[in-house]
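So the protein lines, in turn, are chains A and B. With positions in the first sequence counted from 1, the corresponding number in our numbering is that position plus 32. Numbering-wise, our numbering puts 11 at position 14 of the second sequence, and it's gapless, one number per residue. Every residue, glycine too, gets a C-beta built ideally from N, C-alpha and C. Just so we're clear, the structure is a prediction, and the values are computed from it rather than from any experiment. Worksheet: the structure to be examined is printed underneath.
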Amino acid sequence: MKNHTVRHVIARCLMAIGILLLLLLAGGAPHFETFDAIIKSSLGA
Amino acid sequence: MLVLPITLGVILFICTCCFGRAGWRRLASLELHRGRLVVLAGLAQLVHVFTGQSRFFLLILTIISLGIFGWLNRQLPGIWLVALGIALNFAVMGANQGAMPISPTTLAHMSADQVEVGSALPLSKNTVLDDKTAALPWLGDRLVMPGPFGSAVAWSIGDLALIGGVSRLLWVTMGRTRLNHHPKVGA
Chain A
33 MKNHTVRHVI
43 ARCLMAIGIL
53 LLLLLAGGAP
63 HFETFDAIIK
73 SSLGA
Chain B
-2 MLVLPITLGV
8 ILFICTCCFG
18 RAGWRRLASL
28 ELHRGRLVVL
38 AGLAQLVHVF
48 TGQSRFFLLI
58 LTIISLGIFG
68 WLNRQLPGIW
78 LVALGIALNF
88 AVMGANQGAM
98 PISPTTLAHM
108 SADQVEVGSA
118 LPLSKNTVLD
128 DKTAALPWLG
138 DRLVMPGPFG
148 SAVAWSIGDL
158 ALIGGVSRLL
168 WVTMGRTRLN
178 HHPKVGA
């Protein structure tokens, strides 16, 4: 019973964190860091 | 793609230090209605970033999905700040054909390479636009962190409001002294 409760809490927390992470992503927050690598690849293309 | 998980991780670390394990139990009680809409919006943004196609359509889809999600969860603390951040970001992206403008000056802080104005950065929602060319340039990605992390990523005012809203939501949720009953909306 106790393990089930702990698993339930972990699952609910992970779900909330996942949704909030996707909310940040979808809301326009920066997706990728290190623009340097991105710029280098665009110059090399 | 670490900047967002690290940002969220820092917020959760601070909340954990302040509220302990009880905070995580309270987080488990958080009810986010229609979370699938956020998943849809997130997928739309990923398609936008990876393909660069149908930018405007994907932007509209994201706005509708997040708008409905925000409305259904409007009673949660911090959601209004999240909505403000999203509105600011999408206002500037909508005004610039679905792309987030980043100025050459900001880019110079982050990379020694010169990129032509008007270039879309691959694997990014950004397009290099100077203040004369961009619409609503002050809402674009122009804020960089000081120190060694300054070259990692550029933020916008909308990003700060968005992160502020999520921070408030987590802080209030994890720090509650008693469980508040949130009536189910749109269930």
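**Study point:** Interface partners of A:ARG44 on chain B, CB under 9 Å
**Key:** Chain-order list of chain B residues neighbouring A:ARG44: LEU24, ALA25, SER26, LEU27, by C-beta distance under 9 Å.
**Study point:** DSSP three-state assignment for B:PRO98, whether helix, strand or coil
**Key:** Correct three-state label for B:PRO98: strand.
Practice item. Determine contact between the stretch 114 to 125 of chain B and the stretch 86 to 101 of chain B, defined as no fewer than three beta-carbon pairs at a distance below 8 Å. Key: Using a C-beta cut-off of 8 Å, the stretch 114 to 125 of chain B makes contact with the stretch 86 to 101 of chain B, since at least three inter-stretch Cβ pairs fall below that distance.
Review point. Should B:GLY155 and B:ILE99 be called a contact, given that it needs their Cβ atoms to be closer than 8 Å?
Key: With contacts defined by Cβ atoms closer than 8 Å, B:GLY155 and B:ILE99 do not form a contacting pair.
Point to revise | Contact set for B:PRO180: own chain, Cβ-Cβ below 6 Å, skip 5 residues either direction | key: For B:PRO180, the predicted structure reports a pLDDT of 43, less than 50, and the residue's modelled location is therefore unreliable. The matter cannot be settled from this model.
Point to revise | C-alpha distance - B:GLU113 paired with B:THR130, whole-angstrom precision | key: When rounded, the separation of the alpha-carbon atoms in B:GLU113 and B:THR130 is 13 Å.
Check your understanding: Do you know how far the Cα of B:GLY172 is from the Cα of B:PHE16?
Key -> Roughly 6 Å separates the two Cα atoms.
Check your understanding: How about B:MET97 and B:SER51: are their beta carbons less than 8 Å apart?
Key -> Against a cut-off of 8 Å, the Cβ pair of B:SER51 and B:MET97 comes out as no contact.
Practice item. Along the alpha helix (DSSP H) that carries B:VAL36, what are the first and last residues, could you check? Key: In the DSSP assignment, B:VAL36 falls within the alpha helix (DSSP H) that extends over 32 to 48.
Practice item. May I ask you to list, following chain order, the residues of the stretch 160 to 171 of chain B that have a beta carbon less than 8 Å from some beta carbon of chain A? Key: Answer set for the stretch 160 to 171 of chain B: ILE160, VAL163, LEU166, LEU167.
**Study point:** A:ALA77 in three-state terms, based on DSSP
**Key:** No answer about A:ALA77 holds up, because its pLDDT of 45 lies below 50 and its placement is not dependable.
Point to revise | Three CB pairs or more closer than 8 Å across the stretch 5 to 14 of chain B and the stretch 46 to 58 of chain A | key: Verdict: yes, contact present.
Practice item. Return no unless some Cβ of chain A is closer than 8 Å to the Cβ of B:THR102. Key: Chain A, which has no Cβ nearer than 8 Å to the Cβ of B:THR102, makes this no.
Check your understanding: So A:CYS45 and B:ALA19 are in contact, right, with Cβ under 8 Å, and what is the actual spacing, rounded?
Key -> Not quite, the Cβ-Cβ distance comes to about 13 Å (not below 8 Å), so this is no contact.
Check your understanding: Fully enclosed by the stretch 59 to 130 of chain B, which alpha helix (DSSP H) runs are 4 residues long or longer?
Key -> Here the runs fully enclosed are 76 to 92, 101 to 107.
Check your understanding: Buried or exposed: B:ARG23, going by 16 or more other Cβ atoms within 10 Å of its Cβ?
Key -> Sixteen is the threshold: when 16 or more other Cβ atoms of the shown chains lie within 10 Å of the Cβ of B:ARG23, as they do, the residue is buried.
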